[in-house]
Amino acid sequence: MNKHNSPIICPACGGSNRPEAVFCANPSCHKALGDFRYALEEQAKKSRWHEMLVNQIARFIGKPHFVGIHLAVIGIWMALNAGFLMFLKSFDAYPFGLLGLVLSIEAILITSILVINTSGQADLANTRAELDYEVNVQTYREIIEIQKSLDKISDRLDAIEKGSNRGN
Numbered sequence: 001m002n003k004h005n006s007p008i009i010c011p012a013c014g015g016s017n018r019p020e021a022v023f024c025a026n027p028s029c030h031k032a033l034g035d036f037r038y039a040l041e042e043q044a045k046k047s048r049w050h051e052m053l054v055n056q057i058a059r060f061i062g063k064p065h066f067v068g069i070h071l072a073v074i075g076i077w078m079a080l081n082a083g084f085l086m087f088l089k090s091f092d093a094y095p096f097g098l099l100g101l102v103l104s105i106e107a108i109l110i111t112s113i114l115v116i117n118t119s120g121q122a123d124l125a126n127t128r129a130e131l132d133y134e135v136n137v138q139t140y141r142e143i144i145e146i147q148k149s150l151d152k153i154s155d156r157l158d159a160i161e162k163g164s165n166r167g168n
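Just so you know, we're using the numbering used here here: the sequence shown kicks off at 1 and counts up by one.
What follows is the structure, given as structure tokens:
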């Protein structure tokens, strides 16, 4: 079995991967395979705990569950305070001033979280661009070396061909 058909062993988890794999097949690992750095791994190294928390919150905010939970909470709040449930005393009478205040504070927090998350995404895009450039430069250098090798082979073949033509 030659080098190009042999499985790739993940340096992080030791798992075996198909020869054409780019990332480890192990879902808990998913490390980039190869002699290059991966943007998400670089970002994870630099991220602090609060940045990862903001990313998790932003992911949740972006899901339909978030809207559903809000609609349910607001509906329950209004039902409790509008007197639909007679066994509970109203704590925020119509026009629900406390609810408005809570939602305003929440809007400020959500906006801040999304701005912080967007800033992190911009940093990730910059890291990706830098790593792409690095890989492009490495590839360019390898192509130049291959071209030089091909030129040498071509020169040798030309010399052999000229030598064999003189002998005829």
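All C-beta atoms, glycine included, are put in the ideal place defined by N, C-alpha and C.
The Cβ atoms of tyrosine 94 and alanine 107 lie no closer than 8 Å to each other. Setting aside the 5 residues that flank it on each side, serine 6 is surrounded in the same chain by Pro19, each with a C-beta closer than 7 Å to its C-beta; the list follows chain order. Cβ atoms of leucine 98 and aspartate 92 come within 8 Å of each other, at about 4 Å. The alpha carbon of alanine 125 has as its nearest neighbour, out of Pro64, Gln43, Gln147, Ile144, the alpha carbon of Gln43. As a beta-bridge residue in DSSP terms, alanine 32 pairs with Phe23.
Two segments are said to touch when three or more pairs of C-beta atoms, one from each, lie closer than 8 Å; by this definition the region 67-83 does not touch the region 49-59.
By the CB criterion at 8 Å, valine 67 and asparagine 117 fall outside the cutoff.
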